[in-house]
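Report on one structure; see the data block that follows.
Number of protein chains: 2
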Amino acid sequence: MTHHPSLVLPPSVDIREVGMRDGLQLEKPIPTAAKLRLLEAIVASGVRRVEATSFVSPRAVPALADADAVAAELTRWPGIRFSALVANVRGAVRAIDAGVAHLEYVISASDSHSKANAGRTTAEATAVIGDIADEAHLAGGELEVIVGVAWDCPFDGRTPPRRVLDIVTSAVRQGADRLCLGDTIGTTTPIRMLALLDAVRTACPDVEVGIHLHDTRGTGQANALAAVLAGVRQLDASVGGLGGCPFAPGASGNIATEELVYWLEESGVDTGLELSRVLSAASVAQHAVGHELTSSLLRADGRKSS
Amino acid sequence: MTHHPSLVLPPSVDIREVGMRDGLQLEKPIPTAAKLRLLEAIVASGVRRVEATSFVSPRAVPALADADAVAAELTRWPGIRFSALVANVRGAVRAIDAGVAHLEYVISASDSHSKANAGRTTAEATAVIGDIADEAHLAGGELEVIVGVAWDCPFDGRTPPRRVLDIVTSAVRQGADRLCLGDTIGTTTPIRMLALLDAVRTACPDVEVGIHLHDTRGTGQANALAAVLAGVRQLDASVGGLGGCPFAPGASGNIATEELVYWLEESGVDTGLELSRVLSAASVAQHAVGHELTSSLLRADGRKSS
Numbered sequence: 000m001t002h003h004p005s006l007v008l009p010p011s012v013d014i015r016e017v018g019m020r021d022g023l024q025l026e027k028p029i030p031t032a033a034k035l036r037l038l039e040a041i042v043a044s045g046v047r048r049v050e051a052t053s054f055v056s057p058r059a060v061p062a063l064a065d066a067d068a069v070a071a072e073l074t075r076w077p078g079i080r081f082s083a084l085v086a087n088v089r090g091a092v093r094a095i096d097a098g099v100a101h102l103e104y105v106i107s108a109s110d111s112h113s114k115a116n117a118g119r120t121t122a123e124a125t126a127v128i129g130d131i132a133d134e135a136h137l138a139g140g141e142l143e144v145i146v147g148v149a150w151d152c153p154f155d156g157r158t159p160p161r162r163v164l165d166i167v168t169s170a171v172r173q174g175a176d177r178l179c180l181g182d183t184i185g186t187t188t189p190i191r192m193l194a195l196l197d198a199v200r201t202a203c204p205d206v207e208v209g210i211h212l213h214d215t216r217g218t219g220q221a222n223a224l225a226a227v228l229a230g231v232r233q234l235d236a237s238v239g240g241l242g243g244c245p246f247a248p249g250a251s252g253n254i255a256t257e258e259l260v261y262w263l264e265e266s267g268v269d270t271g272l273e274l275s276r277v278l279s280a281a282s283v284a285q286h287a288v289g290h291e292l293t294s295s296l297l298r299a300d301g302r303k304s305s
Numbered sequence: 000m001t002h003h004p005s006l007v008l009p010p011s012v013d014i015r016e017v018g019m020r021d022g023l024q025l026e027k028p029i030p031t032a033a034k035l036r037l038l039e040a041i042v043a044s045g046v047r048r049v050e051a052t053s054f055v056s057p058r059a060v061p062a063l064a065d066a067d068a069v070a071a072e073l074t075r076w077p078g079i080r081f082s083a084l085v086a087n088v089r090g091a092v093r094a095i096d097a098g099v100a101h102l103e104y105v106i107s108a109s110d111s112h113s114k115a116n117a118g119r120t121t122a123e124a125t126a127v128i129g130d131i132a133d134e135a136h137l138a139g140g141e142l143e144v145i146v147g148v149a150w151d152c153p154f155d156g157r158t159p160p161r162r163v164l165d166i167v168t169s170a171v172r173q174g175a176d177r178l179c180l181g182d183t184i185g186t187t188t189p190i191r192m193l194a195l196l197d198a199v200r201t202a203c204p205d206v207e208v209g210i211h212l213h214d215t216r217g218t219g220q221a222n223a224l225a226a227v228l229a230g231v232r233q234l235d236a237s238v239g240g241l242g243g244c245p246f247a248p249g250a251s252g253n254i255a256t257e258e259l260v261y262w263l264e265e266s267g268v269d270t271g272l273e274l275s276r277v278l279s280a281a282s283v284a285q286h287a288v289g290h291e292l293t294s295s296l297l298r299a300d301g302r303k304s305s
């Protein structure tokens, strides 16, 4: 069942769970113990890669101020590839000191977004990739560069692909091990997405390129299908679609892990995840943040079991 | 931009707006005048096919008890192909008397669903297709047979494809002009969907086959993409994703017209619809039913403009 003349799907897709980081970062801070219960539920789902937290300013992201405490627990699950997001060299050092050697470094492709989020231009953020890569490599880890607002910026509109290509080529030159393209505000659509993906792959043919999607406009899973059809094997997702801004009611976060697992597994694509356990983790996440999450499948499952 | 090596999209897709029927049928009844305001907004979106109402028992579907009054207004828009759903010959005669000659007739592919919804078995429902087709043809209209619960039934589980094939081959033999496969409970996924579509097309090679999707598990737009890639040119959708059952909070209805138009048009596929006007119609729908609709794009648009 993995093949259809117009839809040739791969045998497997590798999902990275980002609910602990992208999902929680805009929520009201929740206790570390509640986070660890969520992490336990996430790990139990069978996922193999988890972005556990971010080492950034606790003033900027109070919800993840307990990064060190969370990181200290990760040795409980030696089989999982944990990673953390960092915003600069200082964050990289903090992450490594806390025991997390696999790092993600986000660079906004538009200057307006980069300045608003990181207080510097895209070029300034790009210039330090090598320093962060060196830290990761010395610690035995890898560095993934994630390009934020890769398709559209909330301030500057459409992102010129040239800006993305400048970041990724520089990243690879400076030692980045992986790349990821982020649809930060959830505006991209299948053909636009693949056009940029193609350009990035052509510019960086030897590096794995993942895709980070948000479901803000209801097109997240369609984009995920398009990405998989185009050979993408690394997708980010968050349990429950965690990641909506609680100050913007109804805002959707990342694509929901359970929805992605549902259609992939039903289509014969192995994810390593067990749907019922992903749904359990999504319920734990919903309880932890204290408001309804946006995942349609989570709600459908809740109706079924109530 | 309509082509990518792994994603060849067609120049156009034909959307049928079903919010007035499938969208409203489970809502609390709203005044006919409010329905007509919604219909005005829908027509202004540029859509060319609208399922306007259904001629069924007002006891079974009180929300559409005003079918005759709605039908009487349809002559205001001579450029639109209006249709109505009927459940039997009597409904067909009522629809035609009210001026609607293009009919949709739903047959549930499982006996349990057919009995629960229509009080008879699938075979009994199939037996009268010819009589309904005759009525439509005598009135100068066409009959589309929609197979409900084509993939899964809430009572019987997976629907054996053989049951669907029996319905569609009989339908064509009895004079049905079009076919449509309905994912009534929103459980299907890309490869399963296409496997059944292929079987139906092989059995009925000369008849157009549309797809009717619900977004209950967040996979509606991914299924729509898969359908379009497999050559489907007729998709049902409802403004705002109207159609969730108000008694099951968060239940998703049909795939949202605006989300479908958004990614299709951005991908270079002509729908004839103008996104901003679809969003206006979705807002009118939301106001008419008096509760938040599930469309992510509608919510994102609401945040943007508030």
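The listed protein sequences derive, respectively, from chains A and B.
Under numbering that gives the first Met the number 0, the residue at position 280 of the first sequence is numbered 279, and the numbers go up by one with no gaps.
Under numbering that gives the first Met the number 0, the residue at position 210 of the second sequence is numbered 209, and the numbers go up by one with no gaps.
All residues carry an ideal CB built from backbone N, CA and C; glycine is no exception.
Practice task
Scan the segment 122-186 of chain A and note each continuous beta strand (DSSP E) run of 3 residues or more that stays entirely inside, going in chain order.
Solution key: 142-147, 177-181
Exercise for the section: Helix, strand or coil for Gln233/A, going by three-state DSSP, please let me know. Expected result: strand
Problem - Residue-chain proximity (His101/A, chain B), Cβ-Cβ < 8 Å - result: Interface with chain B (8 Å Cβ-Cβ cutoff): His101/A is excluded.
Problem - C-beta atoms of Ala236/B and Leu37/B nearer than 8 Å - result: no
Problem - contact_flag[the segment 97-109 of chain B, the segment 128-138 of chain B] where n(CB pairs < 8 Å) is 3 or more - result: yes
Problem - CA-to-CA distance, Trp262/A to Val144/B, given in whole angstroms - result: 27 Å
Problem - Residue nearest to Ala122/A in terms of C-alpha spacing, selected from Leu142/A, Val88/A, Arg162/A, Gly90/A - result: Of the candidates Leu142/A, Val88/A, Arg162/A, Gly90/A, the one whose C-alpha sits nearest the C-alpha of Ala122/A is Arg162/A.
Problem - Close beta carbons around Ala124/A, own chain, < 8 Å, minus the five adjacent residues each side - result: Ile106, Ser107, Ser113, Ala117
Practice task
Would you please verify whether the beta carbon of Ala229/A is less than 8 Å from any beta carbon of chain B?
Solution key: Interface with chain B (8 Å Cβ-Cβ cutoff): Ala229/A is included.
Handout entry: Asp269/B versus Pro9/B - alpha carbon distance
Key = 9 Å
Exercise for the section: Assess, as a yes-or-no matter, whether the segment 182-190 of chain B is touched by the segment 136-154 of chain B under the definition of 3 or more beta carbon pairs within less than 8 Å. Expected result: yes
Handout entry: Neighbour list for Ala299/A in chain B, Cβ cutoff strictly below 7 Å
Key = Thr215, Arg216
Problem - C-beta neighbour in chain A for Ser251/B, strict 8 Å - result: yes
Practice task
Measure the alpha-carbon distance for Ser251/B versus Leu297/A and round it to whole angstroms.
Solution key: 11 Å
Practice task
Note down the Cα distance separating Ala247/B from Arg15/A, rounded to an integer number of angstroms.
Solution key: A caution first: Ala247/B carries a pLDDT of 49, below 50, which makes its placement in the model unreliable, though a value can still be read off. Approximately 31 Å between the Cα atoms of the pair.
Problem - Lys27/B burial status per 10 Å Cβ neighbour count (16 or more: buried) - result: exposed
Practice task
Look up Pro73/A in the DSSP assignment and say whether it is helix, strand or coil.
Solution key: As written in the sequence, residue 73/A is Leu, which differs from the Pro given in the question. Correct three-state label for Leu73/A: helix.
Practice task
Go ahead and pull the three-state DSSP assignment for Ile254/B.
Solution key: coil
Handout entry: 8 Å Cβ cutoff, Ile14/B in contact with chain A
Key = The beta carbon of Ile14/B sits no closer than 8 Å to any beta carbon of chain A.
Handout entry: Under 8 Å from the C-beta of Ala336/B: neighbouring residues of chain A
Key = One cannot answer for residue 336/B here, as it falls past the ends of chain B, which runs 0 to 305.
Problem - Val88/B, enclosing alpha helix (DSSP H) - first and last residue - result: 88-96
Practice task
Count the other C-beta atoms from every protein chain shown that fall within 10 angstroms of the C-beta of Val7/A, then say buried if there are 16 or more, exposed otherwise.
Solution key: The residue in question, Val7/A, is exposed, as its Cβ has fewer than 16 Cβ neighbours within 10 Å.
Practice task
List the whole-angstrom C-beta distance separating Glu50/B from Ala83/B, where the pair is believed to meet the contact cut-off of C-beta under 8 Å.
Solution key: Glu50/B to Ala83/B, Cβ: 7 Å. Contact.
Problem - Three-state secondary structure (DSSP) of Gly249/A - result: Reliability fails at Gly249/A, whose pLDDT of 45 lies under 50, so the model's placement of it is uncertain and the value that follows must be treated cautiously. Three-state DSSP puts Gly249/A in coil, outside helix and strand.
Problem - Minimum Cβ-Cβ distance from Ile190/B to chain A less than 8 Å - result: yes
Handout entry: Start and end residues, beta strand (DSSP E) containing Asp13/A
Key = 13-16
Problem - Proximity winner among Arg75/B, Ile210/B, Arg47/B, relative to Asn253/B (alpha-carbon distances) - result: Comparing C-alpha distances from Asn253/B to each of Arg75/B, Ile210/B, Arg47/B shows the shortest one belongs to Ile210/B.
Practice task
Using a Cβ cut-off of 8 Å, pull out every chain A residue sitting near Glu258/B, in sequence order please.
Solution key: Arg216, Gly217, Thr218
Handout entry: Beta-carbon neighbours of Ala281/A, restricted to chain B and to distances below 9 Å
Key = Per Cβ cutoff of 9 Å: no residues; Ala281/A is ~12 Å from chain B at best.
Handout entry: Cross-strand partners of Leu102/B (DSSP beta bridge)
Key = For Leu102/B, which the question treats as bridged, DSSP gives the partners Ala83/B, Leu142/B.
Exercise for the section: Would you check if the segment 281-297 of chain A and the segment 163-174 of chain A touch, i.e. whether three or more CB-CB distances between them fall below 8 Å? Expected result: The segment 163-174 of chain A, when compared against the segment 281-297 of chain A, does not touch it at the 8 Å Cβ threshold.
Exercise for the section: Give a yes or no on whether 8 Å exceeds the smallest Cβ distance from Glu123/A to chain B. Expected result: no
Handout entry: Same chain, Cβ closer than 7 Å to Glu291/A, five either side skipped, listed in chain order
Key = The answer, listed in chain order, is Gln285.
Handout entry: His3/A to Leu224/B span [Cα, whole Å]
Key = 14 Å
Practice task
Select from Arg157/A, Gly156/A, Val171/A, Gly147/A the residue whose C-alpha is nearest the C-alpha of Glu141/A.
Solution key: Nearest of Arg157/A, Gly156/A, Val171/A, Gly147/A to Glu141/A, Cα basis: Val171/A.
Practice task
Throw me the rounded Cβ distance for the Asp21/B and Gln233/B pair, which I believe falls under 8 Å.
Solution key: With 8 Å as the limit, Asp21/B and Gln233/B do not qualify as a contact, their Cβ atoms being about 15 Å apart.
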